[in-house]
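Written out below as structure tokens is the structure these notes cover.
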Amino acid sequence: MTPGPLLLFAAAGLTAGLVAGRRHAPAWLGFTLAGAVAALVAAAQLLLGGAPWEWRSEFAVAGQPLHLRLDALGALFLALVAVVGGAGSVYAHGYWSDRDYPQSAPRGRLWWNTLLLSLGAVLLSWNGLHFLIAWELFTVAAFFLITLENQRRDVRAAGWLYLAASHLGTMCLFAFFAALAARTGSWELGPMRERADLAPLFWLALVGFGLKAGMFPLHIWLPSAHANAPSHVSAIMSGVTIKLGIYGLLRTAGWLPVPAAAPWTLIVLGAVTALLGIAFALAQSDVKRLLAYCSVENIGIILIGLGGALLAAADGSTSLTAGAAWGRLALAGALLHVWNHGLFKSLLFFGAGSVLHATGTREMSRLGGLWRAMPWTASLFALGAVAISGLPPLNGFVSEWLVYLGLFDAVTSRSPAAWAALPAAIMLGVTGALALATFVKAGSLIFLGAPRTAAARDAHECSPWMRGPMVAVAAACGAIALAPALCWPLIARAAGAWQPGWADLTPPASLFTLGGMQVALALLAFAAGFALWRRARADDVTRQLTWDCGYVVPTARMQYTSDSFAGIAGGWFAWILQPQRRLRRPRGLFPEGASRMERVPETVLERLIGPVAAVVMQASLAVRRLQHGRLQYYIAYVVVGLAGLGTLVVLGGGS
Amino acid sequence: MNAYLNLLIGLAIGLNLLALGSSRLPSLINAVAVQGMALGAMPFLLEEHINWMVALVACATVAVKGFVIPILLRRAMRTANIEREVVPSIGYVPSLLLGAGGTIAAVAFARTLPLLPEHAGSLLVPGSLASVLTGFVLLIGRSKAISQVCGYLILENGIYLFGLLLIHATPLLVEAGILLDLTVGVFVIGIIVDRIQRAFDSLDTRKLTVLRE
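Chains A and B, in that order, are what the protein sequence lines are. Take the first sequence: its position 68, counting from 1, is numbered 68 in my numbering, and each next residue is one higher. Take the second sequence: its position 9, counting from 1, is numbered 9 in my numbering, and each next residue is one higher.
The following block contains the structure:
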């Protein structure tokens, strides 16, 4: 089958799920999964070398004829939507079931399918107006998914912030597409590199798409939205929807000429986003907020790769000369990281959701010792944590390694790009180390040690509905990790759709070495784990409390808390984190009580955007006082306005 | 010809001041009715050759402004059971001063305008501006719905006066259309006044602010 009927089938499956979702959860799951599988097959056909699929129709939507097209680049993102969408559907069936949430579960299924459909529509539309419609639909669907638990105040606040911020981005996109249509005379999208006058529009697209991607400092909506949404929604938002911001940037940079400063800006923004994102993640005590900030970091890594690719492409050489080779590596790293981050971030959010489901809290300082109660969740979360920290032998290492390789080649090429590549590579290294610290903290606080509260003690393993998708996503992570050379042609085709000269399907030789090393390391780790497991099962091993530090009667409260664990590294970033501390010292010979509280605010939101927004609100309220509903005064406004205009005309006519 | 016209316009300006100074609603309505009739008669003075179309529209204007609308307003006044404007936002003396000042300003302003020679001597432009200003003062300064309708009618009379400048250029059909709108508007207002009175026991539009937005 060609992609066309498959995509039609996928759309039909998702629509059928949309209709059935109100009443029949199993039917919804079946339809949605069938749709996701069809979309995945269609995407796979293109990535395996199929010709781009194109469909034009005279049928007009909103006055514009339909024009759908799927090329390898769109297919790369469509595959991610299908995989995470399908896994998330299965997960939601167990996690947000009708039994637990009779009110919101049917609503959730409805908006879930709307979200998947609109994500697909964004990827297929080659008409600016239809792109905007699909974009807006997906924003609104995500809003309703975030606010499924709308009886909670913080959920409503998070949803509102998301909606407001998203619409700021959408406004920029409206301006972008409208200006594009005005200058080209048509809403049709496609390559128009020769129109140099379109270059400044890139900045509008950068704000619009960057806001959706969670680029620093436009990330303000992201942590609260991803933390407060139900976990399967967090997974698709962190794993997939923010990547559509990257997709938009890729398309813009691929179709339109970009300003000379754009690649440098992207690299700088990427480095800042990565470093500050992970610094904030390290300081969080809420596990889902930590994961959300970590998404900001990964977007930074992808932006560095994208910036490198643009820099190489701007050198003028579109063929595979030495100059462009490193750009292609950076782009391949960024594209592969889109997949990888989508996979392991949804795995981690699924894991966090299982913990939340089992214990009812996201505060890491209230958890602990869950490995024994939830071995599946714990080991899969650990796998995801290793992957996201960019450690071999998992897939995060492969894509970050490709980005590194591109940056190092840029440094050795002695082109001007070296000036950006060298600091970016260093920042990337720092980011990786901090990511490792962050996930050591998250993993050890949640799963190791002793339970800190009764809720953590009574935790239970998640149901197979939730475990299944986690295993599936983890398996996909493992597949990319162990056979990176097999993934290369897929990524290279997507890169070729972006920059036609870059579609070289033979993997770099070092990728085979990397694959072999990854397999060897994985085998080694597996053998070591197995040996340790055997040792631990032996009869002569006595079990002790973790971290008892030699005390006679250790208690669970002696363990590291979230803040004490991150204390030192957090101190390096105190200038941006601005932690608020409250200390009550013990006083006197028999101190009665002492406490130390620490809270990391949303610095950008509370210190920068908050005050500005407060001033704007005050001004708006003052203006609002003019609107009191008294007709007489309204007429007086009209008279004053007319008199003013008249005076202006008379004075203007005199001069 | 021009002298008669100016006489009628002077009458309309005088009626403006009467409308501004009277606190009783019946005299306000009467002032508006007489002004409407005076204005309706003007096309007979302006046109040298009266054709049946102009005559028809002029007669209709006199009938509607002089009789239909006043009757509707009086009926609304009776159903609402009010006779006078009790607390105007702009008092009667200040209203009169504003109206008088506005009329003087209108005359002064009209001299500076580049008018056609045949309009230079007439009071058409100052009278029109003065009526518009009077209408605005009534609309802003009165709080009862019926007085505001009267203010609106005077405002419209001012616009009509200005339209007479262009009597050779625009067909009177346009004027007829405006007349129809006006009648329907007053008719609807009459019904609304009745409803407001029944629902809220008051016709003070200042109290009708809760339903904004």
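The beta-carbon is built from N, C-alpha and C at its ideal position, and this holds for glycine as well.
For residue i, which residues in chain B fall below 8 Å Cβ to Cβ?
i	result
Val639 (chain A)	Phe136, Ile140
Do residue i and residue j have their C-beta atoms within less than 8 Å of each other?
i	j	result
Val193 (chain B)	Ile146 (chain B)	yes
Val233 (chain A)	Leu347 (chain A)	no
Ala312 (chain A)	Arg452 (chain A)	no
Thr112 (chain B)	Leu20 (chain B)	no
Ser118 (chain A)	Leu33 (chain A)	no
Val122 (chain A)	Cys172 (chain A)	no
Leu165 (chain B)	Leu124 (chain B)	yes
Leu8 (chain B)	Ala55 (chain B)	no
Ala141 (chain A)	Trp111 (chain A)	yes
Trp326 (chain A)	Ala410 (chain A)	yes
Leu331 (chain A)	Leu47 (chain A)	no
Ala42 (chain A)	Leu6 (chain A)	yes
Ala456 (chain A)	Arg366 (chain A)	yes
Ala420 (chain A)	Trp264 (chain A)	yes
Leu17 (chain B)	Val34 (chain B)	no
Ile220 (chain A)	Glu602 (chain A)	yes
Phe408 (chain A)	Ala425 (chain A)	yes
Leu306 (chain A)	Leu256 (chain A)	no
Under 7 Å between beta-carbons, which chain B residues line up against residue i? List them in chain order, please.
i	result
Ala636 (chain A)	Ile140
Can you tell me whether residue i is buried or exposed, with buried defined as 16 or more other CB within 10 angstroms of its CB?
i	result
Glu85 (chain B)	buried
Gln580 (chain A)	exposed
Gln627 (chain A)	exposed
Leu645 (chain A)	exposed
Leu608 (chain A)	exposed
Met1 (chain A)	exposed
Arg414 (chain A)	exposed
Asn81 (chain B)	exposed
Val553 (chain A)	exposed
Tyr637 (chain A)	exposed
Val184 (chain B)	exposed
Ile196 (chain B)	buried
Met53 (chain B)	exposed
Cys549 (chain A)	exposed
Can you tell me which of the options puts its alpha carbon nearest to the alpha carbon of residue i?
i	options	result
Phe138 (chain A)	A:Asp100, A:Ala292, A:Leu532, A:Lys243	A:Lys243
Val188 (chain B)	B:Ala105, B:Ile69, B:Asn157	B:Ile69
Leu129 (chain B)	B:Gly151, B:Gly121, B:Leu161	B:Leu161
Leu148 (chain A)	A:Ala105, A:Leu123, A:Tyr162	A:Ala105
Gly308 (chain A)	A:Gly270, A:Leu29, A:Gly4, A:Phe280	A:Gly270
Ala387 (chain A)	A:Thr265, A:Ile480, A:Trp575	A:Ile480
Ile191 (chain B)	B:Leu73, B:Ile9, B:Ala120	B:Leu73
Phe174 (chain A)	A:Asn127, A:Leu70, A:Ala536, A:Met597	A:Asn127
Ala105 (chain B)	A:Val649, A:Ala643, A:Leu648	A:Ala643
Ala373 (chain A)	A:Gln64, A:Cys462, A:Asn150, A:Arg99	A:Cys462
Ile29 (chain B)	B:Ala60, B:Pro94, B:Gly66, B:Gly14	B:Gly66
Leu45 (chain B)	B:Asn6, B:Val174, B:Gly102	B:Asn6
Ala134 (chain A)	A:Cys294, A:Asn150, A:Leu116	A:Leu116
Gly468 (chain A)	A:Trp533, A:Leu380, A:Leu370	A:Leu380
Ser89 (chain B)	B:Leu11, B:Gly163, B:Lys144, B:Tyr4	B:Lys144
Glu136 (chain A)	A:Tyr162, A:Thr15, A:Gln103, A:Thr170	A:Thr170
Ala225 (chain A)	A:Thr273, A:Ser186, A:Ala292, A:Ala199	A:Ala292
Trp339 (chain A)	A:Tyr247, A:Leu70, A:Pro65, A:Ala435	A:Tyr247
Thr431 (chain A)	A:Val649, A:Gly449, A:Ser125, A:Gly277	A:Gly277
Thr303 (chain A)	A:Leu505, A:Gly214, A:Arg630	Checking the displayed sequence, the identity of residue 303 (chain A) turns out to be Leu instead of Thr. Residue A:Gly214 is the option with its Cα nearest to Leu303 (chain A).
Gly657 (chain A)	A:Arg251, A:Glu58, A:Ala36, A:Arg69	Absent from the model: residue 657 (chain A). The displayed extent of chain A is 1 to 655, so no value can be given.
Pro26 (chain B)	B:Arg75, B:Val62, B:Arg198	B:Arg75
Glu194 (chain A)	A:Leu163, A:Ala181, A:Val258	A:Val258
Can you name the residues of chain A whose CB is closer than 8 Å to the CB of residue i?
i	result
Ser89 (chain B)	Gln632
Ser143 (chain B)	Gln632
Indicate whether at least one CB of chain C lies closer than 8 Å to the CB of residue i.
i	result
Leu7 (chain A)	In the structure shown, chain C does not exist; the protein chains are A and B.
Along the chain, which unbroken stretches of the beta strand (DSSP E) at least 3 residues long are found entirely within the region 43-113 of chain B? none
Please specify which runs of the beta strand (DSSP E), each continuous and at least 3 residues long, are wholly inside the region 31-98 of chain A, giving them in chain order. 53-61, 64-70
Along the chain, which unbroken stretches of the alpha helix (DSSP H) at least 4 residues long are found entirely within the region 147-201 of chain B? Listed in chain order, the complete alpha helix (DSSP H) runs (minimum 4 residues) inside the region 147-201 of chain B are 172-200.
What beta strand (DSSP E) runs, 3 residues minimum, are completely inside the region 572-641 of chain A? Correct list: 580-584, 595-599.
Could you tell me which uninterrupted alpha helix (DSSP H) segments, each at least 4 residues in length, are contained entirely in the region 269-314 of chain A, listed from first to last along the chain? 287-314
List, from N- to C-terminal side, the beta strand (DSSP E) runs of 3 residues or more that fit wholly inside the region 358-392 of chain A. none
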